[in-house]
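*Asks:*
Residue numbers (this note's numbering): 3 to 140.
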């Protein structure tokens with residue numbers, strides 16, 4: 003029962019964040035205003051991974067979760083967009099006190115996706131996102 007409550011609470015936090023961010027865009031300073039990145043997209047996609055990242059699922063991430071991780075990568079093809087996606091993930095991760103670092107860190111690798119940044123709430127420097135993520139992994 004405790005796991006169900008913790009999972010429910012974590013999903014509720016993500017939904018509240020999504021509602022608050024539904025109109026929010028993370029401005030990324032570039033030469034083009036069209037490079038603004040929509041954080042609500044990251045929040046909505048990663049909802050399917052919350053149960054895995056808080057430890058509710060001891061096995062591998064679900065297929066739906068891995069599809070979502072792939073979709074996050076597809077939504078951020080440029081370095082600036084990956085930096086923004088990283089900042090969006092960091093924002094949601096810091097609001098999930100029950101997020102397990104090892105689960106979040108391992109998620110992209112388990113899904114066979116190279117996001118170009120570490121999914122973490124403690125060890126993430128989004129300014130160090132590489133120019134390109136490795137294309138051969140997806």
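From the three backbone atoms N, C-alpha and C, an ideal C-beta is built for every residue, glycine too.
Note that this is a predicted model, so its numbers are computed, not measured.
Tell me whether residue 118 is buried or exposed, calling it buried when 16 or more other Cβ atoms sit within 10 Å of its Cβ.
*Replies:* buried
*Asks:* Can you tell me where the alpha helix (DSSP H) holding residue 44 begins and where it ends?
*Replies:* 41 to 48
*Asks:* Mind checking which residues open and close the alpha helix (DSSP H) that includes residue 91?
*Replies:* 81 to 96
*Asks:* Going by Cα to Cα distance, which pick from 76, 103, 80 is closest to residue 122?
*Replies:* 103
*Asks:* Using a Cβ-Cβ cut-off of 7 Å (strictly less than) and excluding sequence neighbours within five positions of residue 120, which residues of its own chain qualify?
*Replies:* 107, 126
*Asks:* Round the Cβ separation of residue 93 and residue 41 to the nearest angstrom and send it over; I've been treating them as touching at under 8 Å.
*Replies:* 7 Å
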